[in-house]
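Chemist: Residue numbers (the working numbering), protein chains in the order written: chain B, 13 to 305; chain U, 13 to 305; chain H, 13 to 305; chain Y, 13 to 305; chain G, 13 to 305.
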Amino acid sequence: MEWTFSDSVRLSLLSFSEASKACAALPGFSLFRRSLQPERIEYCRAELLPDCLVGSLAVPDKTHPLHLAFSLAFYLDRGQLILAADEQTLPALQSLLFPEEPLDTSDVFHLFFSFLESLIQEDMLYLQNFEKRLATIEESLLDTLPKELQRTLITIRRELLVFHAYYQQLLDMCEILSEDENHFLPPECARQFSRLGNRVDRLYDHTQMLREYALQIREMQQAQIDLRQNDTMRILTVVSTIFFPLSLIAGWYGMNFTHMPELSAPYAYFILIGVCILIVAVEIWYFKKKGWF
Amino acid sequence: MEWTFSDSVRLSLLSFSEASKACAALPGFSLFRRSLQPERIEYCRAELLPDCLVGSLAVPDKTHPLHLAFSLAFYLDRGQLILAADEQTLPALQSLLFPEEPLDTSDVFHLFFSFLESLIQEDMLYLQNFEKRLATIEESLLDTLPKELQRTLITIRRELLVFHAYYQQLLDMCEILSEDENHFLPPECARQFSRLGNRVDRLYDHTQMLREYALQIREMQQAQIDLRQNDTMRILTVVSTIFFPLSLIAGWYGMNFTHMPELSAPYAYFILIGVCILIVAVEIWYFKKKGWF
Amino acid sequence: MEWTFSDSVRLSLLSFSEASKACAALPGFSLFRRSLQPERIEYCRAELLPDCLVGSLAVPDKTHPLHLAFSLAFYLDRGQLILAADEQTLPALQSLLFPEEPLDTSDVFHLFFSFLESLIQEDMLYLQNFEKRLATIEESLLDTLPKELQRTLITIRRELLVFHAYYQQLLDMCEILSEDENHFLPPECARQFSRLGNRVDRLYDHTQMLREYALQIREMQQAQIDLRQNDTMRILTVVSTIFFPLSLIAGWYGMNFTHMPELSAPYAYFILIGVCILIVAVEIWYFKKKGWF
Amino acid sequence: MEWTFSDSVRLSLLSFSEASKACAALPGFSLFRRSLQPERIEYCRAELLPDCLVGSLAVPDKTHPLHLAFSLAFYLDRGQLILAADEQTLPALQSLLFPEEPLDTSDVFHLFFSFLESLIQEDMLYLQNFEKRLATIEESLLDTLPKELQRTLITIRRELLVFHAYYQQLLDMCEILSEDENHFLPPECARQFSRLGNRVDRLYDHTQMLREYALQIREMQQAQIDLRQNDTMRILTVVSTIFFPLSLIAGWYGMNFTHMPELSAPYAYFILIGVCILIVAVEIWYFKKKGWF
Amino acid sequence: MEWTFSDSVRLSLLSFSEASKACAALPGFSLFRRSLQPERIEYCRAELLPDCLVGSLAVPDKTHPLHLAFSLAFYLDRGQLILAADEQTLPALQSLLFPEEPLDTSDVFHLFFSFLESLIQEDMLYLQNFEKRLATIEESLLDTLPKELQRTLITIRRELLVFHAYYQQLLDMCEILSEDENHFLPPECARQFSRLGNRVDRLYDHTQMLREYALQIREMQQAQIDLRQNDTMRILTVVSTIFFPLSLIAGWYGMNFTHMPELSAPYAYFILIGVCILIVAVEIWYFKKKGWF
Ligand SMILES: [Mg+2]
Ligand SMILES: [Mg+2]
Ligand SMILES: [Mg+2]
Ligand SMILES: [Mg+2]
Ligand SMILES: [Mg+2]
Ligand SMILES: [Mg+2]
Ligand SMILES: [Mg+2]
Ligand SMILES: [Mg+2]
Ligand SMILES: [Mg+2]
Ligand SMILES: [Mg+2]
Ligand SMILES: [Mg+2]
Ligand SMILES: [Mg+2]
Ligand SMILES: [Mg+2]
Ligand SMILES: [Mg+2]
Ligand SMILES: [Mg+2]
Ligand SMILES: [Mg+2]
Ligand SMILES: [Mg+2]
Ligand SMILES: [Mg+2]
Ligand SMILES: [Mg+2]
Ligand SMILES: [Mg+2]
Ligand SMILES: [Mg+2]
Ligand SMILES: [Mg+2]
Ligand SMILES: [Mg+2]
Ligand SMILES: [Mg+2]
Ligand SMILES: [Mg+2]
Ligand SMILES: [Mg+2]
Ligand SMILES: [Mg+2]
Ligand SMILES: [Mg+2]
Ligand SMILES: [Mg+2]
Ligand SMILES: [Mg+2]
Ligand SMILES: [Mg+2]
């Protein structure tokens with residue numbers, strides 16, 4: 013597909029195979045070709061050549077962050093922006109290019125800038141969502157089974173790692189574009205990319221903060237598991253310490269020695285009951301003092 | 013509300029909806045509009061345009077750091093400072109603008125600078141408070157229930173994380189303002205923002221130090237939980253090692269074999285009592301030697 | 013071996029001993045000689061002298077990353093590229109120099125650049141392989157023996173550490189070449205090395221991300237081991253708490269006191285059975301309430 | 013107190029209240045005033061104004077690093093150095109200003125420089141002390157009670173954190189003074205501050221290294237606690253595994269069934285003794301093989 | 013001792029006391045004097061004055077890295093290099109100054125450079141040694157006693173920390189010399205120090221990598237200790253779960269109730285044996301299913 017907004021603003025959205033043919037004569041095609049294979053686009057990157065800008069975008073899917081929403085290769089020269097993607101993702105991409113708030117088509121650089129900007133437009137709200145999920149996990153930490161919490165937390169940490177890498181790549185990209193070594197971009201547009209870089213940096217910092225929050229929750233949970241194990245061990249020790257002496261006493265007077273004077277002493281049994289109650293009472297008092305109950 | 017301090021120093025405090033209307037004609041409004049929604053203001057940020065400065069502030073509440081004290085969008089050009097906030101927070105903001113020590117209204121840049129400065133005026137004392145809370149936790153580490161300490165510590169670490177992010181954002185903001193790429197600010201004012209940045213950096217470093225202190229306390233507590241578990245296990249092992257042999261002996265002479273010579277041997281019962289006392293004595297001596305008592 | 017592509021583009025592939033002899037008269041030989049011993053080449057490095065470039069490459073083997081695929085020393089002046097390696101690895105190196113997509117022989121700088129570029133050509137796909145292996149480990153975490161998983165994970169982390177170091181060295185090398193303090197390289201070629209550095213940086217960042225993913229999996233596994241130990245302790249405590257009272261009761265009524273009224277009471281045995289069932293029922297209800305089943 | 017070393021080198025040592033009065037007319041007083049309250053001086057900092065240097069020092073006490081030795085505010089212009097401190101600490105400060113090796117009073121900048129330098133003069137020897145304390149802890153790790161070691165280690169780590177922050181602040185201060193944006197200092201003096209910064213940086217690096225050493229010791233201790241717990245568990249398991257079967261056997265032949273042929277078999281009791289010895293022997297052999305003894 | 017290589021290349025090797033006397037008249041002596049005490053030389057450092065270079069070297073002993081091989085103070089001006097050291101270490105130093113491959117004595121700067129270079133000449137091979145030691149530890153992880161491994165690992169990590177600090181100091185030193193603010197060094201020599209800095213940086217990176225490798229091994233060992241503890245607990249739980257019910261049964265039929273119908277039922281004893289075998293069989297089947305055997 014191709015749209016012509018003005019003399020010097022053309023936009024093409026091609027499949028990889030179409031792009032391989034259509035762009036073969038463009039300067040910088042050797043670089044562009046490297047990205048024209050779906051399994052090759054793993055990063056967001058941009059390379060500035062003297063007369064064109066070549067790169068790729070690999071954008072995580074916000075509903076399933078471990079998968080990509082789409083990946084595309086882009087080629088920008090002074091008159092046109094070419095986007096190449098997998099045949100299947102072309103319709104989805106087309107709808108991204110014509111959002112509610114239309115892209116800025118005053119020139120091809122602004123077109124590209126506003127496309128990039130539209131990608132992170134809603135990301136701040138999205139990251140707030142993560143924060144809410146983490147806060148929910150933190151609150152339910154005491155009432156839920158550790159295994160399920162663990163699983164949710166792991167998933168969130170993994171997703172945050174994906175966005176950590178994604179923003180890092182966008183940041184590198186914005187830096188390359190705002191420095192603009194070859195003076196390919198109009199200065200005003202380079203400054204726009206610098207400001208976009210600052211926005212991405214804030215998203216990156218926010219992701220880092222969420223990752224640290226997730227780590228804190230993990231540590232909380234770890235400490236909770238440790239405390240529970242302590243409790244379990246304490247119960248076992250208390251139970252053992254109470255029953256071992258009583259069992260010994262019971263076993264003791266079950267011995268079959270022909271001469272055991274206590275066995276026939278008057279009230280011996282009731283005295284023994286008293287002794288046992290006393291032992292248990294002392295033990296309970298001791299554990300209470302140690303704060304084990 | 014609007015205050016006019018001099019010809020070129022006007023200050024407006026508007027609600028979001030008022031600001032959307034009143035500022036629609038200003039240069040840079042497209043950027044400003046982005047912040048005119050309460051749920052959109054999550055960061056402190058500043059963007060320098062050729063003729064104006066646009067940004068937002070999201071200031072944590074010092075009494076409940078996990079919530080915002082207020083969030084506002086600001087717009088600064090050479091003649092006026094516009095602050096836009098949620099209708100409910102306008103009265104609180106108004107009192108912030110007229111503190112005991114009045115803001116510097118010599119020009120609009122100093123007005124903005126002294127407003128920003130007033131935000132962190134008391135932060136150093138506030139961070140000292142954190143340090144005292146942490147020191148209290150450290151001292152009571154040995155005498156309190158681990159679960160409660162845990163909870164307090166987690167809260168403090170979370171709050172420190174909020175201030176870590178807040179100062180990081182202010183730092184980025186001060187850097188943008190002190191570099192002043194567009195020469196929008198008077199040079200003397202840019203230097204003031206540079207000095208403010210250094211102050212924020214000290215607060216940031218202090219926050220980092222408090223976070224490491226909190227981490228050290230956490231590690232202390234973790235080690236303490238481990239030591240206690242060791243103690244618990246030791247008690248269980250000592251108790252078992254003392255009672256198992258005695259119980260075996262008691263069970264042994266409770267067997268009903270028709271021919272067990274010991275049972276009818278003279279003094280057998282009293283010899284056995286002696287043997288049991290000896291066993292216990294040896295075990296206690298052994299555990300004493302191992303330092304388990 | 014030697015190939016002459018044009019007047020000013022000569023390529024030699026020599027063994028260490030050949031290189032020691034053949035290059036003795038070249039400027040910068042004293043530096044070059046340092047690398048002409050197999051056990052000396054441990055890093056990828058480059059040193060720019062006024063009229064030549066001297067350095068070495070130590071490339072990990074992608075099929076056994078803990079070993080080197082090859083290591084070589086290189087010498088580049090304005091007319092020739094000399095590669096020196098161990099006699100045994102010369103044939104393997106020769107095939108690297110003439111890949112399907114032939115190296116760029118337009119001048120000696122491009123020759124060297126395209127050789128370096130060919131080294132990391134397929135690395136991105138290789139790193140994706142690591143990601144798949146890690147994802148497999150993560151999925152099988154719950155079903156496999158921890159010891160084997162542990163071993164696989166350790167191997168992967170060690171291999172990632174090797175690539176972490178390798179990319180870091182390539183990055184340093186690209187930086188030295190793109191800065192080109194001595195203006196030894198043509199400016200266009202220096203920019204190519206700058207772009208190559210950006211590619212290596214993305215690979216480096218990807219390696220870092222994989223290392224953090226591996227760390228997350230390790231933490232998952234650690235937590236799982238802890239949870240399992242908790243379960244084990246819980247079972248032991250439950251079993252003990254159920255059997256200890258019953259054993260005490262059984263032992264108690266095995267005592268041989270001459271006067272124990274319960275022993276001859278009518279239905280005493282059946283009442284005792286009831287009491288035991290009640291005790292077990294109460295305990296089970298208690299542990300159910302605590303969520304231990 | 014005031015000392016006049018020459019026309020342009022005056023030194024005043026004032027209490028906070030004296031300084032508030034005496035300096036009210038100086039340029040930059042508004043900044044200076046901020047530090048004239050004891051509870052406000054928490055950092056070492058310096059702010060360069062066009063005609064003066066304002067800042068504060070908060071120096072940890074080397075004998076009790078968790079407390080400050082002293083804190084002071086300083087004001088330096090081209091003719092005088094004013095130090096303001098709490099009334100109580102004035103005598104101590106006075107002795108610092110006239111050490112054995114007298115301060116350089118050739119001009120007011122050198123006076124200030126040599127005062128700052130005197131603060132860290134002995135710090136390297138002081139940090140070596142820490143290293144010795146840590147080495148002592150490491151050596152006594154195996155022979156001492158973990159709780160006491162823990163406490164000592166925690167104190168050292170906390171003290172190192174204090175010096176970590178102190179050197180970081182001095183470093184920032186030296187950087188501001190060596191850059192000297194306003195050309196307030198003579199160039200030669202700025203270079204002296206640059207060299208002082210390098211010295212502070214070495215102290216900072218040394219502190220970091222000591223912190224990592226402390227962390228390593230902590231990990232050693234943690235591992236040792238874990239190993240000891242393992243030993244405890246092993247003893248418990250061995251003891252249980254040895255006594256449980258014997259106790260079962262003893263209990264078994266204590267049963268009162270009317271028909272238990274073993275009970276009356278000839279030599280049954282002695283055969284049983286043999287069986288029990290055999291069981292214990294096999295178990296001991298098994299545990300020896302597992303390396304548990 | 014003193015050697016004169018040419019008019020402008022003199023080398024002196026003095027004891028601290030000789031140096032104090034001989035150099036008292038040199039510019040920069042006040043700085044030099046600070047290092048003329050053995051206990052003061054803890055770092056490698058260099059300070060550039062307008063007409064001389066002053067500093068010190070503290071080089072760890074490769075055979076006992078926790079101790080210094082030697083420490084010396086150096087003074088370099090345009091005509092001479094003065095090295096001052098402890099009287100005892102002078103002979104050792106003298107042999108370092110005249111190695112097999114002699115130092116470059118073309119001018120005093122090259123003399124100093126080649127002396128510094130000779131210090132790290134063999135370090136790469138030395139670090140490879142560490143790698144081999146760590147690999148050996150990793151391989152023997154499963155077969156050796158954890159306590160001994162622990163001790164070896166701790167020693168290696170401590171030694172790596174020493175080299176980490178040493179290379180960091182050399183790096184700072186090379187940076188100061190390659191920047192050469194005062195234009196004291198000939199430009200060509202400054203570039204040599206820049207290249208030396210790159211070599212030191214590679215050694216530093218290698219040390220870092222070895223430290224991470226050591227950390228990975230530590231984590232492996234930690235995980236192994238945890239797994240072993242799990243095994244121990246499992247054995248205890250299995251043993252308890254098997255013996256507790258049998259012991260209860262045995263105790264139960266040892267009770268002395270006058271009316272216990274089972275005791276006199278025909279075949280009761282043999283039925284009970286069957287029941288016990290069944291219980292054990294079910295338990296073993298259950299633990300097998302859980303994968304505990
Ligand atoms: Mg991924
Ligand atoms: Mg930032
Ligand atoms: Mg950042
Ligand atoms: Mg953060
Ligand atoms: Mg943890
Ligand atoms: Mg937050
Ligand atoms: Mg700082
Ligand atoms: Mg900082
Ligand atoms: Mg820090
Ligand atoms: Mg720490
Ligand atoms: Mg730790
Ligand atoms: Mg921990
Ligand atoms: Mg290696
Ligand atoms: Mg990057
Ligand atoms: Mg990077
Ligand atoms: Mg990353
Ligand atoms: Mg992480
Ligand atoms: Mg862990
Ligand atoms: Mg403090
Ligand atoms: Mg700090
Ligand atoms: Mg340093
Ligand atoms: Mg440093
Ligand atoms: Mg260090
Ligand atoms: Mg370490
Ligand atoms: Mg640990
Ligand atoms: Mg040391
Ligand atoms: Mg490096
Ligand atoms: Mg490095
Ligand atoms: Mg590394
Ligand atoms: Mg690691
Ligand atoms: Mg660990």
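Where a beta carbon is used, it is the ideal one built from N, C-alpha and C, also for glycine.
With a 10 Å radius around its C-beta and 16 neighbouring C-beta atoms as the bar for buried, classify GLY91 (chain H) as buried or exposed.
Modeler: The residue in question, GLY91 (chain H), is exposed, as its Cβ has fewer than 16 Cβ neighbours within 10 Å.
Chemist: Indicate whether the contact test is met: 3 or more Cβ pairs, each with one atom in the segment 173-189 of chain U and one in the segment 219-231 of chain U, closer than 8 Å.
Modeler: Yes, since at least three Cβ pairs between the segment 173-189 of chain U and the segment 219-231 of chain U fall closer than 8 Å, the two stretches touch.
Chemist: Using a Cβ-Cβ distance under 8 Å, would LYS159 (chain H) count as near chain G?
Modeler: Answer yes: the Cβ-Cβ gap between LYS159 (chain H) and chain G drops below 8 Å somewhere.
Chemist: Just grab the DSSP bridge partners of PHE256 (chain U) for me.
Modeler: None, per the DSSP bridge assignment.
Chemist: Can you find a CB in chain H that lies within less than 8 Å of the CB of HIS271 (chain G)?
Modeler: It does; some Cβ of chain H falls within 8 Å.
Chemist: Taking the alpha-carbon of LEU183 (chain B) as reference, which of H:CYS201, H:ARG214, H:MET185 and H:HIS195 has the nearest alpha-carbon?
Modeler: LEU183 (chain B) has its Cα closest to that of H:ARG214, out of H:CYS201, H:ARG214, H:MET185 and H:HIS195.
Chemist: Note down the Cα distance separating LEU189 (chain Y) from ALA31 (chain B), rounded to an integer number of angstroms.
Modeler: Approximately 58 Å between the Cα atoms of the pair.
Chemist: Within a Cβ cutoff of 6 Å, which residues of the same chain sit near SER185 (chain H), ignoring the five residues on either side of it in sequence?
Modeler: According to the sequence displayed, residue 185 (chain H) carries Met and not Ser. Hits under 6 Å: CYS56 and ALA58.
Chemist: If TYR87 (chain H) and VAL120 (chain H) are in contact, beta carbons under 8 Å, what's the gap, nearest whole angstrom?
Modeler: 11 Å between Cβ atoms; not a contact.
Chemist: Taking the continuous beta strand (DSSP E) assigned at LEU105 (chain G), which residues delimit it?
Modeler: Segment 102-109 is the alpha helix (DSSP H) holding LEU105 (chain G); no beta strand (DSSP E) there.
Chemist: Less than 8 Å separating the beta-carbons of ALA97 (chain U) and SER107 (chain U)?
Modeler: No, the Cβ-Cβ distance between ALA97 (chain U) and SER107 (chain U) is not below 8 Å.
Chemist: Just to confirm the assignment, what range does the beta strand (DSSP E) spanning THR16 (chain G) have?
Modeler: Note, THR16 (chain G): beta strand (DSSP E), 14-18.
Chemist: Would you kindly work out how many angstroms separate the C-alpha atoms of TYR216 (chain B) and ARG169 (chain H), rounded to a whole number?
Modeler: In a straight line, the C-alpha of TYR216 (chain B) is about 25 Å away from that of ARG169 (chain H).
Chemist: Beta-carbon separation of PHE125 (chain Y) and CYS201 (chain Y) under 8 Å?
Modeler: For PHE125 (chain Y) and CYS201 (chain Y), yes; Cβs fall inside 8 Å.
Chemist: Evaluate contact between the segment 128-142 of chain Y and the segment 36-52 of chain Y, counting only Cβ atoms and requiring at least three cross-stretch pairs below 8 Å.
Modeler: They do not touch, by the three-pair rule.
Chemist: Go ahead and label ASN141 (chain B) buried or exposed: buried means 16 or more other beta carbons lie within 10 angstroms of its beta carbon, across all protein chains shown.
Modeler: It is exposed - the Cβ of ASN141 (chain B) has fewer than 16 other Cβ atoms within 10 Å.
Chemist: Please classify SER118 (chain B): is it buried, with 16 or more other beta-carbons within 10 angstroms of its beta-carbon, or exposed?
Modeler: It counts as exposed.
Chemist: Which stretch, first to last residue, makes up the beta strand (DSSP E) that contains GLY67 (chain B)?
Modeler: Note, GLY67 (chain B): beta strand (DSSP E), 65-72.
Chemist: Mapping DSSP to helix, strand and coil, what is GLU59 (chain H)?
Modeler: Strand.
Chemist: Helix, strand or coil, according to DSSP, for GLN228 (chain U) in the structure here?
Modeler: GLN228 (chain U) falls in the helix class under three-state DSSP.
Chemist: Hey, does SER18 (chain Y) have any beta-carbon neighbour from chain G nearer than 8 Å?
Modeler: Chain G contact via Cβ: absent.
Chemist: If the cut is a Cβ gap below 7 Å, which residues of chain G does TYR281 (chain H) touch?
Modeler: Residues of chain G passing the Cβ test: PHE269, HIS271 and MET272.
Chemist: How big is the Cα-Cα spacing for GLN49 (chain H) and PHE28 (chain H)?
Modeler: Going by the C-alpha atoms only, they are around 7 Å apart.
Chemist: Identify which residue in H:GLU99, H:PRO62, H:ALA70 and H:PHE41 has its Cα closest to the Cα of ARG52 (chain H).
Modeler: The option with the nearest alpha carbon to ARG52 (chain H) is H:ALA70.
Chemist: If you drop the 5 nearest sequence neighbours on each side, which residues of the same chain put their C-beta closer than 7 Å to that of ARG145 (chain H)?
Modeler: Same-chain partners within the cutoff: ILE168.
Chemist: Quick check: the segment 230-244 of chain U against the segment 189-199 of chain Y, are there 3 or more CB pairs under 8 Å?
Modeler: With a cut-off of 8 Å, the segment 189-199 of chain Y and the segment 230-244 of chain U do not count as touching, because too few Cβ pairs lie within range.
Chemist: Run down chain H in chain order and give the residues with a C-beta less than 8 Å from the C-beta of GLY209 (chain G).
Modeler: Under the 8 Å cutoff, chain H gives no residues; its nearest Cβ is about 11 Å from GLY209 (chain G).
Chemist: Short check: CB of PRO77 (chain B) to CB of GLU224 (chain B), under 8 Å?
Modeler: No, Cβ-Cβ distance for PRO77 (chain B) and GLU224 (chain B) is not below 8 Å.
Chemist: Mind checking ALA104 (chain H): buried by the 16 CB within 10 Å criterion, or exposed?
Modeler: Classification for ALA104 (chain H): exposed.
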